[in-house]
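These notes are about the structure you will find just below.
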Amino acid sequence: MIYLELFISFFTIGAFSFGGGYAMIPLIERELVRNQAWLTAQQFIDILAIAEITPGPVAINAATFAGYKVGGLIGGMFATLGIVVPSLLAVMTVAYLFLRFQGAPLIRSALTAIRPVVVVLIFMAAVTVGRQTILDFKSAGIAVLVLILMLRTKLNPILLLIGAGIAGVIIF
Amino acid sequence: MPAPRNPTLSTLFWSFFKVGAFTFGGGLAMLPVMQREIVDRQGWQSEQEFVDVLAIAQSSPGAIAINTAIFTGYKLLGGPGVAVAIAGVVLPSFLIITVLAATLTAAEPPPLLTEFFLGIRPAVVALILAAAIGIGKKVLVDRFNIILAAVALGVSLVSNAHPGILIVSAAIFGYLHQQLLSRGGARP
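Chain order of the listed sequences is R and V.
When you line the first sequence up against numbering that gives the first Met the number 0, it's residues 0 to 171, in that order.
When you line the second sequence up against numbering that gives the first Met the number 0, it's residues 0 to 187, in that order.
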């Protein structure tokens, strides 16, 4: 049954990808294009392009699109569910343990050391995305302006994103 | 920072719906929108707690936005909170992609949309950087933390070390450091 197969495929992808959406892309490609042959390589590239220009987590976008192409609306639902369930099991387990033991000295000292590393990981995400997106003076200008507005004002980031998009239409 | 207060199921849903609808580029790009919504606007979590959630979201399998939604929903409102937060973060993608998959025949997006996204992408970089600076100011306050961050930065720049590995190593290091301190303090 195609719905069950979709669920299992995306469950596997969800369970074995650490590090968020972009880390999932090679797994999704192997499973959908090579193992299952549900999509052609060209369709897969189209999905990535669509996932990039639409909002939302890349993994959900890819799952919904592939699921729809393979099994219609219900296929899309099962694929999306497949990608969410492993997260649900893993994070709920960690959340339960964390909230139960967060006062323990062991956890306290571990958390204190984790926080600076998380700051670095966020910074590195900016570096990685920046290398692919800041390619000329125009894009650098948008980035600098948005950074200043973000640090100096209380403007909503959603408004800044929309403003940057409109600026993009004007200058590019 | 507003005092912590508990959300209702519907405010939790709409907060994550916004996160899902305005996250471009996946992963940590959604972080500034989430931080503004959860920490600044609603006051559901402190900046420190938000960082803890991120650490857990990054070291668990799956998409970071989904993991953050699950943890935050669970912490604030238990099981129903989880259901509502997941629905909120997933629905915008699901609806948009389903419509696109059903209607799109050519993969080529209209030029206006392409230009719009050319403008949005550098802004996303700036938003992530602003989040790193904002959280960094709160976290990098003593020598131990600054040294840890410097080491993590060095390792990230020269190797492809996975975030989960960095986080777990830091946790072990923090524990050993604490043990060493308490032993040092017990000495006469």
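Backbone N, C-alpha and C fix where the C-beta goes; we use that ideal spot for every residue, glycine too.
According to the neighbour-count rule (16 or more other Cβ atoms, all chains shown, within 10 Å of its Cβ), is residue i buried or exposed?
i, result
"residue 35 (chain V)", "buried"
"residue 155 (chain V)", "buried"
"residue 173 (chain V)", "buried"
"residue 152 (chain R)", "exposed"
"residue 211 (chain R)", "This structure cannot settle anything about residue 211 (chain R), because the visible part of chain R is limited to 0 through 171."
"residue 135 (chain V)", "buried"
"residue 135 (chain R)", "exposed"
"residue 67 (chain R)", "buried"
"residue 0 (chain R)", "exposed"
"residue 100 (chain V)", "buried"
"residue 114 (chain R)", "buried"
"residue 160 (chain V)", "exposed"
"residue 131 (chain R)", "exposed"
"residue 181 (chain V)", "exposed"
"residue 39 (chain R)", "exposed"
"residue 69 (chain R)", "buried"
Are the beta-carbon atoms of residue i and residue j separated by less than 8 Å?
i, j, result
"residue 145 (chain R)", "residue 152 (chain V)", "no"
"residue 65 (chain V)", "residue 85 (chain V)", "yes"
"residue 86 (chain R)", "residue 69 (chain V)", "yes"
"residue 166 (chain R)", "residue 62 (chain V)", "no"
"residue 79 (chain R)", "residue 63 (chain R)", "yes"
"residue 125 (chain R)", "residue 124 (chain V)", "yes"
"residue 38 (chain V)", "residue 21 (chain V)", "no"
"residue 133 (chain V)", "residue 58 (chain V)", "no"
"residue 61 (chain R)", "residue 27 (chain R)", "yes"
"residue 71 (chain V)", "residue 52 (chain V)", "yes"
"residue 150 (chain R)", "residue 148 (chain V)", "no"
"residue 170 (chain V)", "residue 128 (chain R)", "no"
"residue 139 (chain V)", "residue 116 (chain R)", "no"
"residue 60 (chain V)", "residue 16 (chain R)", "yes"
"residue 121 (chain R)", "residue 82 (chain V)", "no"
"residue 52 (chain R)", "residue 121 (chain V)", "no"
In whole angstroms, what separates the C-alpha of residue i from that of residue j?
i, j, result
"residue 127 (chain V)", "residue 140 (chain R)", "16 Å"
"residue 88 (chain V)", "residue 179 (chain V)", "43 Å"
"residue 7 (chain R)", "residue 35 (chain R)", "12 Å"
"residue 74 (chain V)", "residue 94 (chain R)", "8 Å"
"residue 160 (chain R)", "residue 118 (chain V)", "8 Å"
"residue 7 (chain V)", "residue 46 (chain V)", "21 Å"
"residue 186 (chain V)", "residue 55 (chain R)", "Confidence at residue 186 (chain V) is low in this model, with a pLDDT of 45, below 50, so the placement of that residue is unreliable and no value is reported for it."
"residue 41 (chain V)", "residue 10 (chain R)", "33 Å"
"residue 43 (chain R)", "residue 111 (chain V)", "23 Å"
"residue 18 (chain V)", "residue 113 (chain V)", "22 Å"
"residue 175 (chain V)", "residue 105 (chain R)", "9 Å"
"residue 72 (chain R)", "residue 82 (chain R)", "16 Å"
"residue 30 (chain R)", "residue 12 (chain R)", "8 Å"
"residue 91 (chain V)", "residue 12 (chain V)", "12 Å"
"residue 142 (chain V)", "residue 112 (chain R)", "12 Å"
Counting only C-beta atoms, is residue i closer than 8 Å to chain A at any point?
i, result
"residue 182 (chain V)", "No chain A appears in the structure shown, which is made up of the protein chains R and V."
Could you please tell me which residues of the stretch 19-33 of chain V, in chain order, have their CB closer than 8 Å to any CB of chain R?
19, 20, 21, 22, 23, 24, 25, 26, 27, 28, 29, 30, 31 and 32
If contact means a Cβ-Cβ distance below 8 Å, which residues of the stretch 114-126 of chain R contact chain V?
114, 115, 116, 117, 118, 119, 120, 121, 122, 123, 124 and 125
Members of the stretch 58-82 of chain V near chain R, C-beta cut-off 8 Å:
58, 59, 60, 61, 62, 63, 64, 65, 66, 69, 70, 73, 74 and 81
Closer than 7 Å between beta carbons: that is the criterion. Which residues of the stretch 59-80 of chain R meet it against chain V?
59, 60, 63, 64, 67, 68, 72, 75 and 79
Taking only beta carbons into account, state which residues of the stretch 84-117 of chain V come closer than 8 Å to chain R, listed in chain order.
85, 88, 89, 91, 92, 93, 95, 96, 97, 99, 100, 101, 103, 106, 108, 111, 112, 113, 114, 115, 116 and 117
Determine which residues of the stretch 151-171 of chain V have a Cβ less than 7 Å from any Cβ of chain R, and write them out in chain order.
151, 152, 155, 161, 162, 163, 165, 166, 169 and 170
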